[in-house]
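Below is one structure, written out as structure tokens, with a few remarks after it.
Numbering (the numbering used here), first residue to last: 519 to 1209.
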């Protein structure tokens, strides 16, 4: 949901109304520097000296760059002075053929809109915050007499208190586990809660107060909820004192069982307090950011402090930072980061930002209350910022070490498979089925920075005989590469239709970003591969190397597909178990020309290729199990049009089985509770030739 649609920002739609305040000027189709300058000058003729956001488009209409300005006319004029532009921006201007302008009421609004559009379009010439994973929160629901505490991601659909963000799901789970022991709040769903007639295991292990079976009344549970809110709001000392007094009172009353239970709750509170990585007492709610740069790579470390407690940290590695100052990068990263995450009242940085006041104004406007962006220079806060700075440098060092190792492995892959250069995109394919049932094909993607999980794909096998592995591989490869040769008008590329599904799996590891590899602004744009060997440009989705889980048969199947489609410049290799089947490290690599090679069992490049093969195994088997589970729970009634879950349940409860429904008369169907005459007629016609 964009900010223009958010119910908590009722004026956003009028402020960011592109229909009312946007216009575009289209240009020619051939990119060149003079053409780009001419297109920009054409826009300047009618450009107002007002704050707003501008988008630069290439000849296809793709967004190249999004920028904001206090005075649009003055800012856009700079792009016509090409002698003053760095090479990267000159290239951008040479590709520009149209611009879209959105005026806003203030520069702060322009900053917010710029961040939204950058996250939406991911332009090749903007600094990008490469982290698509939403942050987890702890949600204390307020839509029930006995509120539930749970982990939450995504849109805030439920009424209640949201506490966060946490850096990872792991940190949320640890905190939730301790909170359940500390406050005994229920974590079960409403359906589970409503159908209990005795306490569940969580009550037995003292992690729930069992309000489902009246082991605690509404007033007592409300007191636990109030304590939880106080603790999560930073008043942990008061909660600790209250529990200590309660434990002493129980001990004096010789109620040792209750005293022991309260003691365990105190231990849980101490665990939460002691698990903080940094001492942030007295800070309240704050976010801390520090930047480090080395070898042209920028790393940014963020700490999230809520109620004086450290709720985790995350490292970011923004892309497209060439020709941008560290201050510009940090400003743009903060604007994009807070587009979806609510800012803390205090944001502490390791440096002064020229646009700190503007950023604070924009974030405060979005939050609805004051936000302060500060650069601490004395006191305890400088220690927190210094620690964030150290963590940023250490995270960057680890990142560079990983990149160096990965780059060496890719160079070895290129040498091994006789590639012209290290592959930037490796696609690995496998099929999964059980005796031909629930068959599907799977593809995983790897690049210089690891697995690109939001580009994984799976295809339901529809045409090939599902007991023929070679035919299944032919179908998968034909559907994948035929779509690349003829991309859909919507630009969906290789997203399979008619039973194929696109699947993205975000990482859930603290301190790691979602490893999406954006297109470098200087990278060559790719399209359909040359059919007769000429050096043509190709689309970015085309792989530099295809790995197939299989031997000669699978390689031959791929060769047939590529020859039929006229694909000549995509290398493909089969990886199969060797003569010592099942023994790790004896894989055989099959080349299209019939050659076979084996690598030393301790070769690092072999371990890397095994990881690729194991990842496609994992993904294919997981997708197959999901499909098989759905098939097991499927019902013949699913095929009847217009029958939803409620009516299907009503029919099954009334007749007992789907077979009884199929053989029932029209009169019997009409007698089923919750089934109207029209629905009964639909079901009867479907099974008796009338539908």
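Backbone N, C-alpha and C define an ideal beta-carbon position, used for all residues, glycine too.
Everything numeric in this text was worked out from a predicted model, so none of it was measured.
### Query
So, residue 561 versus residue 622, is the Cβ gap smaller than 9 Å?
Their beta carbons are not under 9 Å apart, which means residue 561 does not touch residue 622 by this criterion.
### Query
residue 879 and residue 626 look like a contact to me (Cβ under 8 Å); what is the Cβ gap, rounded to whole Å?
With 8 Å as the limit, residue 879 and residue 626 qualify as a contact, their Cβ atoms being about 4 Å apart.
### Query
Counting only runs that start and end within the region 837-888, where is the beta strand (DSSP E) found for 3 or more residues in a row?
Listed in chain order, the complete beta strand (DSSP E) runs (minimum 3 residues) inside the region 837-888 are 864-867.
### Task
Buried or exposed for residue 629, please, with buried defined as at least 16 other CB atoms from any protein chain shown within 10 angstroms of its CB.
If you draw a 10 Å sphere on the C-beta of residue 629, you find 16 or more other C-beta atoms in it, and that means buried.
### Query
Can you list, in chain order, the residues of its chain whose CB lies under 6 Å from that of residue 1201, leaving out five sequence neighbours each side?
Answer for residue 1201: 1158, 1187, listed in chain order.
### Query
From the DSSP output, which residues share a beta bridge with residue 1082?
Here residue 1082 is not bridged, per DSSP, to any residue.
### Query
In whole angstroms, what separates the C-alpha of residue 1210 from that of residue 778?
Because the chain in this structure spans residues 519 to 1209, residue 1210 falls outside the shown range and cannot be described.
### Task
Could you tell me whether the region 817-833 touches the region 682-699, where touching means 3 or more Cβ pairs closer than 8 Å?
Three or more pairs of CB atoms, one per stretch, sit closer than 8 Å, so the region 817-833 contacts the region 682-699.
### Task
Rounded to whole angstroms, what's the CA-CA distance from residue 616 to residue 930? Just pull it up for me.
For residue 616 and residue 930, the distance between alpha carbons rounds to 43 Å.
### Task
Following the continuous alpha helix (DSSP H) through residue 1181, name the residue where it begins and the one where it ends.
Looking at the DSSP string, the run of the alpha helix (DSSP H) that includes residue 1181 is 1176-1181.
### Query
In this structure, does DSSP put residue 950 in helix, strand or coil?
In the three-state scheme derived from DSSP, where H, G and I count as helix and E and B as strand, residue 950 is classed as strand.
### Inter-residue spacing [alpha-carbon to alpha-carbon] between residue 575 and residue 635
For residue 575 and residue 635, the distance between alpha carbons rounds to 13 Å.
### Query
Per DSSP, residue 645 is paired with what?
In the DSSP output, where bridge partners are listed per residue, residue 645 has none listed.
#### Entry: residue 978 - partner residues in DSSP beta bridges
According to DSSP, residue 978 bridges with 958.
#### Entry: Any 3 or more C-beta pairs closer than 8 Å across the region 892-904 and the region 836-853
No contact exists between the region 892-904 and the region 836-853.
#### Entry: C-beta contact flag for residue 471 and residue 944 at 9 Å
The chain is shown only over 519 to 1209; residue 471 falls outside these bounds and no answer can be derived.
### Message
In whole angstroms, give me the CA-to-CA distance for residue 824 and residue 995.
### Response
Rounded to the nearest whole angstrom, the C-alpha separation of residue 824 and residue 995 is 50 Å.
### Message
Buried or exposed, going by whether 16 or more other CB atoms sit within 10 Å of the CB of residue 573?
### Response
Within a 10 Å sphere around the beta-carbon of residue 573 sit 16 or more other beta-carbons, which makes this residue buried.
### Message
The beta strand (DSSP E) that contains residue 679, what's its start and end?
### Response
That run of the beta strand (DSSP E) goes 678-681.
### Own chain, CB closer than 8 Å to residue 719, minus 5 neighbours either side, in chain order
So the list is empty, once near-sequence residues are dropped.
### Query
When we look at the beta-carbon of residue 1119 and count the other beta-carbons within 10 Å, is it buried (16 or more) or exposed?
Within a 10 Å sphere around the beta-carbon of residue 1119 sit fewer than 16 other beta-carbons, which makes this residue exposed.
### Message
Using only CA atoms, which one of 581, 607, 565 lies nearest to residue 588?
### Response
Here the closest residue by C-alpha is 565.
### Query
Does the region 648-667 touch the region 907-919, meaning 3 or more C-beta pairs lie closer than 8 Å?
No, because fewer than three Cβ pairs between the region 907-919 and the region 648-667 fall closer than 8 Å, the two stretches do not touch.
### Alpha carbon of residue 1191 to alpha carbon of residue 732, nearest angstrom
Their Cα atoms are separated by approximately 33 Å.
### Message
I need the straight-line Cα distance from residue 885 to residue 863, nearest angstrom please.
### Response
Between residue 885 and residue 863, the C-alpha separation is close to 9 Å.
### Query
What span of residues does the beta strand (DSSP E) with residue 1190 cover, start to end?
Residue 1190 -> no beta strand (DSSP E), and no H or E assigned at all.
### Task
State the DSSP-derived secondary structure class of residue 603, mapped to helix, strand or coil.
Note: residue 603 maps to coil in three-state DSSP.
### Query
So, is residue 1171 buried or exposed, given that buried needs 16 or more other C-beta atoms within 10 angstroms?
Exposed is the call here.
### Message
For residue 1202, list the residues DSSP reports as bridge partners.
### Response
Note: residue 1202 sits in no beta bridge, so no partner.
### Message
Assuming residue 711 is part of the alpha helix (DSSP H), what are its boundary residues?
### Response
Run containing residue 711: 708-712, per the alpha helix (DSSP H) assignment.
### Message
Give me, in chain order, the residues of the same chain whose beta-carbon lies closer than 7 Å to that of residue 1134; leave out the 5 immediate sequence neighbours on both sides.
### Response
Sequence-distant Cβ neighbours of residue 1134 in its own chain, meaning closer than 7 Å and more than five residues away, are 946, 947, 948, 960, 962, 1067.
### Task
Go through its chain and collect everything with a Cβ distance to residue 1204's Cβ below 6 Å, but skip five positions before and after it.
Counting only Cβ-Cβ distances below 6 Å, and skipping sequence neighbours, we find 1158.
### Task
Could you tell me if residue 1206 is buried or exposed, where buried requires 16 or more neighbouring beta carbons within 10 angstroms of its beta carbon?
Classification for residue 1206: exposed.
### Query
Can you tell me whether residue 644 is buried or exposed, with buried defined as 16 or more other CB within 10 angstroms of its CB?
Result: buried.
### Message
So, at 8 Å on beta carbons, what are the nonlocal neighbours of residue 1143 in its own chain, with the 5 sequence-adjacent residues on each side left out?
### Response
Once the five neighbours on either side are set aside, residue 1143 has no close Cβ partner at all.
### Message
Is the separation between the beta-carbon of residue 730 and that of residue 698 shorter than 9 Å?
### Response
Result no, Cβ atoms of residue 730 and residue 698 do not sit closer than 9 Å.
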